[in-house]
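One structure below.
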Amino acid sequence: MLDSSPITSPMDTDQKLDKNLGAPVYQERYAQVIGSLMYITNYTRPDIAYAVNKLARFTRNSSDNHWKALNRVLQYLKYTLNYGLYYSRYPTVLEGYSDANWISDIENTNSISGYVFTISGGAVSWKSSKQTCIARSTMESEFIALDKAGEEAEWLHDFLEDVPCWNKPVPLVMIHCDSQSALGRARNAMYNGKSRHIRWRHKTVRQLITTGIISIDYIKSKDNIADPLTKGLPKDQMACLSRGMGLKPKI
Numbered sequence: 017m018l019d020s021s022p023i024t025s026p027m028d029t030d031q032k033l034d035k036n037l038g039a040p041v042y043q044e045r046y047a048q049v050i051g052s053l054m055y056i057t058n059y060t061r062p063d064i065a066y067a068v069n070k071l072a073r074f075t076r077n078s079s080d081n082h083w084k085a086l087n088r089v090l091q092y093l094k095y096t097l098n099y100g101l102y103y104s105r106y107p108t109v110l111e112g113y114s115d116a117n118w119i120s121d122i123e124n125t126n127s128i129s130g131y132v133f134t135i136s137g138g139a140v141s142w143k144s145s146k147q148t149c150i151a152r153s154t155m156e157s158e159f160i161a162l163d164k165a166g167e168e169a170e171w172l173h174d175f176l177e178d179v180p181c182w183n184k185p186v187p188l189v190m191i192h193c194d195s196q197s198a199l200g201r202a203r204n205a206m207y208n209g210k211s212r213h214i215r216w217r218h219k220t221v222r223q224l225i226t227t228g229i230i231s232i233d234y235i236k237s238k239d240n241i242a243d244p245l246t247k248g249l250p251k252d253q254m255a256c257l258s259r260g261m262g263l264k265p266k267i
């Protein structure tokens, strides 16, 4: 890493990562690097969550191509070595952002969910994960992601209720989503679709809305800071949305 050149984005948007059908390449070392990157991802670097989680799928049988992508993440970390999460004093309001990438890989039919929650302009909770069921449409994948974000919002809301110095009552958590169809489905009290996995998620999202835990709102995709947790992005877009998470260079 010390000898490598810095790179301005953690993933090459044109690079395709396939399963390695041959012998693994430095598998044990690959797993060690992935473990270290996951530690960093979970605590301070939401911007590399998608790249690290995608590369972690190849831990058992890494190839030269996977190593190339892994080295790119390290090069990006070198470029952003002085970055950290920054928080302002106000407003001390919990906000959420939800996004999904529907069937991003032809060989993998599971969509990707991502969410970010912020307080005072800085990220406090985030996750990038593969959805456990197959979504039949973009709307379904976005709704599954919204349900996952709602689950985290409920936990964070209850956590803040237990913090002695936090202002009570804790206001509802606004979750921003860039899918009008998913928001329309969530606002409708009735679900008339045939998908069971959407039906029970619709019930849980509706319950969170009606009990005053969450509220939902539309946001343009270019402003959705959960976008980097669902796909690789060009450097300018990556830098802009990272700043939206409060991830900035040291002043």
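The sequence shown lines up with residues 17 to 267 when you count with my numbering.
Every residue, glycine too, gets a C-beta built ideally from N, C-alpha and C.
The structure displayed is predicted, hence computed values, not measured ones.
What do you reckon, are the CB atoms on P26 and Y92 nearer than 7 Å? yes
How is Y103 classed by DSSP in three states: helix, strand or coil? coil
Rounded Cβ spacing between M261 and P107 (contact assumed at less than 8 Å): That pair is no contact at about 16 Å.
Separation of I50 from K70, as counted between CA atoms: 10 Å
What are the residues that DSSP puts in a beta bridge with G200? Its beta-bridge partners do not exist; DSSP assigns none.
Could you give the DSSP three-state label for C149: helix, strand or coil? Coil.
Just to confirm before moving on: does the CB-CB distance between V140 and S79 stay below 7 Å? no
Pull up the distance between the alpha-carbon of Y95 and that of N204, whole angstroms please. 45 Å
Among H82, R222, H192, which one has its Cα closest to the Cα of M206? Of H82, R222, H192, the smallest CA-CA separation from M206 is found for R222.
Given S197 as reference, the closest of L172, E168, I235, R212 once Cα atoms are compared: When only C-alpha atoms are compared, the closest one is I235.
Counting only the same chain and skipping the five closest in sequence on each side, list residues whose C-beta sits under 7 Å from that of S157. A116, W118, S127, Q147, A151
Confirm, please, whether the CB-CB distance from S114 to A67 is below 7 Å. no
By DSSP, does I10 sit in helix, in strand, or in coil? The requested residue 10 does not occur in the structure, where the chain is confined to residues 17 to 267.
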